[in-house]
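Structure, as structure tokens:
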Amino acid sequence: MLIVIPIAILLMGALFTLAFRNDKIGITALIASFISLIYVFWSEAGAVFAFSGWEPPFGIVWVLDSFSIFMSLLVMGITSLIVIYSVRYIKKRSHRYYALICLISMGMIGVSLTGDIFNMYVFFEILSIASYGLVAFFSDRHALEGAFKYLIMGSFASSFILIGIALLYGLTGTLNMADIASNVSVMSHLPPIYMATLGIIIGGFCLKAAIFPFHAWKPDAIEGTPSPIGALFAATSSAIGLYCIMRVLFLFGLIQLNWILIAIGVITMFVGAFLAFMQKNITRLLAYSSISQVGYIVVAYGIGNLPAITAGTYQILNNALIEALLFMAFGAAIHVAGSEILGKVSVKNDFLLISCLIGILALIGIPLTNGFVSKWLIYMVTWTVNPILTVLTLVITGFTMAYSLKLFSSVFLSPDKKTIDIPMSMKIPIIIAVVFCIMMGILPQGGYVVSEIASKALFELPKYIGLVLG
Amino acid sequence: MIMKNIAFASVLCIFLVSFISIFTYSGFGYNENNKVSHYYLENSLEHTGSANVVSAIVWDFRGFDTMGEETVLFTVLVGVFTVISLKAGEV
Amino acid sequence: MDMIVRTVAKGIVPFIWIYGAYIILHGHITPGGSFSGGVIVAAGAVLLIIAYGTKGAEKSLHEDNLHLLEALAGAVLVFLLLSEMFFRDYVTVLMGYFDIVSAGYVLLLNVAGGVMVLAALITIAYMFTRR
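Chains as they are written, first to last, in this note's numbering: chain V, 1 to 470; chain R, 1001 to 1091; chain X, 2001 to 2131.
Here you go:
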């Protein structure tokens, strides 16, 4: 019963922020919904809520699985950091910004918590359209071009997902996730039409996560946006896309060794790392590096057993923190220096130096940071499948080291630097992210246990079906 | 120039053939053992109070999706606001 | 615009609005409902904007009122949809008392949704014609 409160607060916040042109309403709505979300998960973990009182196969259900709780808490946490950061960053027309952030959070929470596949598509649409609006926020030339490219490609992806859902409804006769899973699991041999449907749906979600054939929108979109939105995109859009892919594979019972996913992940890592070398623009370089990091997660999810999925989920958590830290810290430098091109931004500020250094060390995977823990887990699980995969992953880590040191030395270690100063409200989220990175690097057990609980939910399909339909 | 046109036309043909074959194989149409639609047809008037089953499905059985669609409409409104409303000289 | 256009628009827009309201209110019996009815009402308002210009149409459809109307309709819609399982039986019996047969909850939801759609579309029309 209490599940609806965060969504209702966010929608009311968005509506009244636009009606009264006051951005405080939006900020209050976001913080209130985060607190109520934590309270709902504390009191009702593992519950099933049926909307309008109709029974599960005939109405819409929301299932609080542990994987869902993990994803929604992750995205709401990153959104809270972004909101604190952007109080000083966005000065003009800020009421529309906070209305769009309320809507994008509502979309992300809805996608994570739902147990009905068409409901997932509806909230995915809310998320996509709010992100088109956020990419075009500054309305200058780069932002509008990036937003237009993202709009066209995103609309294609949404159409593919809708066609896939329509096919799935025609084949199984129901739209409830647990009912689809129970209909599919009684067939011993899936006809090829199911594989085609699965391919269509996963192809649509791959675009949102910016995985290899569909990654082309990401650099242009992140280049024009404000830095907090770049952090939000790099951290959470791949998390939500991968959550949806894993959920659809979970329904079909296909969480096993998938060489297609491993191959796509390896190509994504290479493409992201190679193209990140040649960039002269700081935000484009960071965008390509986020594409490359998502490749690690896809490789880990492609190997199907429990340690690999735990490693991939832990990498999602760490990747979100590291990318948020990098975008926020470098965004502060860009915002004060006024330009984005490598070679024109050179700052001298001790706080930014330390935080960017920690972010880059975590990105590469140096010990004592959280990036090391999750990357080491990925090396270990790829070694059990095929040692060549581990060699490829290490090569890409070398590339990551190369371009990130190039970025760091150009911004912070060049001869002519000018001293800048950052407002306090931009420092607080960076401090929080740095503290989390170091803490999870020194004591990784907490994050590992959380990721393992979240990943165990992907291997218990009969328990899920019994929870919803039983 | 002509190679580009041939490539585009062939990709389009492969796309269309695969889509049409998928739709032929999957068997759209009336399915007797579809218990969800049977439940909707039987329980629409007495439990919902609405004679129009489409309205009952859109607003009552799956009303949450319709709320999501209205939110999409509102999001489009905010997105259009973000892009369009520039005063003269503002960037 | 021209005086002929203005006079004809002034005369025909109420009929368009009544027709749109008919489609919204009868959404539980005939095809239609909130989305199509809201679009028709918005089309009538767009005719007013074209005939009288943005400044003339603002005298009757001011933009801040539209934002407030949309927020209130959205609040009502969210409240109705999320409290449906408590109130559905009472509303069906209530509608039976007023002889609105075969209505139930769907009538109230149609009205709230229709108001939200028409507020959104008229605002978009204002955005596009204000230069």
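Where a beta carbon is used, it is the ideal one built from N, C-alpha and C, also for glycine.
Next item on the list: Go to residue 2071 (chain X), then tell me how far its alpha helix (DSSP H) extends in each direction, as first and last residue.
Entry: 2063 to 2082
Check: In or out: residue 79 (chain V) buried (at least 16 other Cβ within 10 Å) or exposed?
Finding: buried
Checklist line | Reference residue 47 (chain V), options V:28, V:31, V:29 and V:69, closest by Cα | finding: Closest option to residue 47 (chain V), Cα to Cα, is V:69.
Next item on the list: Can you say whether residue 462 (chain V) is buried or exposed, counting buried as having 16 or more other CB atoms within 10 angstroms of its CB?
Entry: exposed
Check: the segment 1050 to 1062 of chain R: which residues have C-beta closer than 8 Å to a C-beta of chain X, in chain order?
Finding: 1050, 1051, 1052, 1054, 1055, 1056, 1058, 1059 and 1060
Check: Over what stretch of residues does the beta strand (DSSP E) that includes residue 2005 (chain X) continue unbroken?
Finding: Premise fails: residue 2005 (chain X) lies in the alpha helix (DSSP H), 2003 to 2025, not in any beta strand (DSSP E).
Checklist line | Exposed unless 16 or more other CB atoms sit within 10 angstroms - verdict on residue 1013 (chain R) | finding: Within a 10 Å sphere around the beta-carbon of residue 1013 (chain R) sit fewer than 16 other beta-carbons, which makes this residue exposed.
Check: Looking at the structure shown, is residue 58 (chain V) part of a helix, part of a strand, or coil, going by DSSP?
Finding: Three-state result, residue 58 (chain V): coil.
Notebook entry, point to check: Is any beta-carbon of chain R found at less than 9 Å from that of residue 18 (chain V)?
Noted result: yes
Checklist line | Closer than 7 Å at the beta carbon, the chain X residues around residue 1042 (chain R) | finding: Chain X residues near residue 1042 (chain R): none, gap ~15 Å exceeds 7 Å.
Next item on the list: Starting from residue 281 (chain V), follow its DSSP beta bridges and name the residues at the other end.
Entry: V:341
Margin query: Please state whether the Cβ-Cβ distance between residue 109 (chain V) and residue 182 (chain V) is less than 9 Å.
Written below: no
Check: Per DSSP, residue 116 (chain V) is paired with what?
Finding: V:176
Notebook entry, point to check: Between the segment 121 to 135 of chain V and chain R, which residues of the former have a C-beta closer than 7 Å to a C-beta of the latter?
Noted result: Interface annotation for the segment 121 to 135 of chain V against chain R: 122, 123, 125, 126, 129, 130, 132 and 133, criterion Cβ-Cβ distance under 7 Å.
Next item on the list: Output yes if chain R places a C-beta closer than 9 Å to the C-beta of residue 2029 (chain X); else output no.
Entry: yes
Margin query: So with CB distances below 9 Å, who are the chain X contacts of residue 53 (chain V)?
Written below: 2084, 2085, 2086 and 2088
Item checked: Contacts of residue 2105 (chain X) in chain R (Cβ-Cβ under 9 Å) -> Going along chain R in sequence order, the residues near residue 2105 (chain X) (Cβ under 9 Å) are 1048, 1049, 1050, 1059, 1060 and 1063.
Notebook entry, point to check: In terms of residues, what are the limits of the beta strand (DSSP E) holding residue 450 (chain V)?
Noted result: Not the beta strand (DSSP E): residue 450 (chain V) falls in the alpha helix (DSSP H), residues 445 to 456.
Notebook entry, point to check: Does the beta carbon of residue 258 (chain V) sit closer than 9 Å to a beta carbon anywhere in chain R?
Noted result: no
Margin query: Assuming residue 411 (chain V) is part of the beta strand (DSSP E), what are its boundary residues?
Written below: That residue, residue 411 (chain V), is in no beta strand (DSSP E); its alpha helix (DSSP H) goes 387 to 412.
Notebook entry, point to check: What number of angstroms, rounded off, separates the C-alpha of residue 24 (chain V) from the C-alpha of residue 272 (chain V)?
Noted result: 38 Å
Next item on the list: For residue 2120 (chain X), return the contacting residues in chain R, with the cut-off set at a CB-CB distance below 7 Å.
Entry: 1073, 1074 and 1077
Next item on the list: Could you check what DSSP says for residue 427 (chain V) in three-state terms: helix, strand or coil?
Entry: helix
Checklist line | residue 417 (chain V) (DSSP reduced to helix, strand or coil) | finding: Three-state DSSP puts residue 417 (chain V) in coil, outside helix and strand.
Note to self: For a quick check, are the C-beta atoms of residue 206 (chain V) and residue 157 (chain V) less than 9 Å apart?
What the structure shows: By the CB criterion at 9 Å, residue 206 (chain V) and residue 157 (chain V) fall inside the cutoff.
Note to self: Just to confirm, is the Cβ distance from residue 224 (chain V) to residue 135 (chain V) under 9 Å?
What the structure shows: Their beta carbons are under 9 Å apart, which means residue 224 (chain V) touches residue 135 (chain V) by this criterion.
Margin query: Counting only beta-carbon separations shorter than 9 Å, does residue 2124 (chain X) have a partner in chain R?
Written below: yes
Notebook entry, point to check: Would you call the segment 333 to 341 of chain V and the segment 363 to 370 of chain V touching, i.e. three or more CB-CB distances under 8 Å?
Noted result: no
Next item on the list: Name, please, each residue of chain V whose Cβ falls closer than 9 Å to the Cβ of residue 1017 (chain R).
Entry: What residue 1017 (chain R) touches in chain V: nothing, since even the nearest Cβ is about 13 Å away.
Note to self: Could you tell me the alpha carbon to alpha carbon distance between residue 248 (chain V) and residue 313 (chain V), rounded to whole angstroms?
What the structure shows: 16 Å
Notebook entry, point to check: Which value, in whole angstroms, describes the spacing of the CA atoms of residue 1001 (chain R) and residue 1015 (chain R)?
Noted result: 21 Å
Margin query: Taking beta-carbon pairs under 7 Å, can you tell me which members of the segment 160 to 186 of chain V lie near chain R?
Written below: 167, 170, 171, 173 and 174
Item checked: Contact under 9 Å by Cβ, residue 322 (chain V) with residue 437 (chain V) -> The answer is yes: Cβ separation under 9 Å.
Check: So, do the segment 57 to 73 of chain V and the segment 171 to 185 of chain V have three or more beta carbon pairs nearer to each other than 8 Å?
Finding: Pairwise C-beta distances place the segment 57 to 73 of chain V in contact with the segment 171 to 185 of chain V, as three or more of them are shorter than 8 Å.
Margin query: Counting only Cβ pairs nearer than 9 Å, list the residues of chain V close to residue 2058 (chain X).
Written below: Result: empty, since nearest Cβ-Cβ is about 17 Å, beyond 9 Å.
Next item on the list: Output the boundary residues of the beta strand (DSSP E) element that contains residue 51 (chain V).
Entry: Note, residue 51 (chain V): premise wrong, no beta strand (DSSP E); not H, not E.
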